[in-house]
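In my numbering, the protein residues as written are 0 to 137.
Worksheet: the structure to be examined is printed underneath.
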Amino acid sequence: MDAQLEGFLNQLGDAERAGGRVLHELTEQAASLELQEMLRKVGHDEGYYAGEIAAHTRRLGGNASNKTGDFVEKVRAAGDFRAKLELLNRGQRWVIRKIEENLAAVNDDHLKAFLVVMAKGHHMNIGALEQALKDGLA
Ligand SMILES: [Fe+2]
């Protein structure tokens with residue numbers, strides 16, 4: 000597998016594992032049950048993406064990372080709960096940007112379709128958390 004593609008996928012996977020961990024921690028801190036459920040769902044999505052990325056990496060002959068990105072520490076260090084959620088969404092936007100930057104170089108149609116769906120899923124989850132912040136759930 001192309002080293003650049005492998006590096007990109009592993010970077011994404013590390014970020015998703017970090018996102019999953021962050022969301023697990025934020026779920027425990029959420030003040031309302033509705034927000035807890037929302038964060039739990041977003042966290043499951045992150046775990047799903049991380050697993051799928053590893054599977055695609057292996058399918059294409061690469062070595063899948065199992066590291067967790069340093070984003071976890073950044074969110075722990077962020078101020079209050081709201082600030083953590085806003086930082087989470089900034090991280091999610093970074094993932095969309097990375098996918099957009101790398102998509103043209105992906106030759107495998109199955110992986111490409113997965114990445115498009117992953118970017119769309121991130122858009123939806125960002126929107127859901129932004130709405131929760133507006134609604135005063137956090
Ligand atoms: Fe993510």
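C-beta: ideal position from N, C-alpha, C; glycine also.
Residue i, DSSP secondary structure in three states
{"i": "K66", "result": "coil"}
{"i": "M0", "result": "coil"}
{"i": "N101", "result": "helix"}
{"i": "A17", "result": "helix"}
{"i": "N88", "result": "helix"}
{"i": "N124", "result": "helix"}
{"i": "D107", "result": "coil"}
Test item: CB-CB of residue i and residue j under 8 Å
{"i": "I52", "j": "G19", "result": "no"}
{"i": "E5", "j": "G61", "result": "yes"}
{"i": "A131", "j": "M0", "result": "no"}
{"i": "H121", "j": "V94", "result": "yes"}
{"i": "A63", "j": "N9", "result": "yes"}
Distance between beta carbons of residue j and residue i, contact taken as under 8 Å
{"i": "G50", "j": "H23", "result": "Not really, about 15 Å apart at Cβ, beyond 8 Å."}
{"i": "A17", "j": "T67", "result": "5 Å"}
{"i": "L32", "j": "L84", "result": "Contact flag wrong, Cβ pair sits at about 16 Å."}
{"i": "M81", "j": "A137", "result": "The displayed chain sequence assigns Arg, not Met, to residue 81. Yes, R81 and A137 are in contact; Cβ-Cβ is about 6 Å, under 8 Å."}
Quiz item: Touching or not, the segment 90 to 97 and the segment 26 to 39, by the rule of three or more beta carbon pairs under 8 Å?
Solution: Look at the beta carbons and you see the segment 90 to 97 not touching the segment 26 to 39: under three pairs across the two are nearer than 8 Å.
Quiz item: Taking contact to mean at least 3 C-beta pairs separated by less than 8 Å, is the segment 69 to 78 in contact with the segment 101 to 109?
Solution: In the pairwise beta carbon analysis, the segment 69 to 78 is classified as not touching the segment 101 to 109: fewer than three pairs are separated by under 8 Å.
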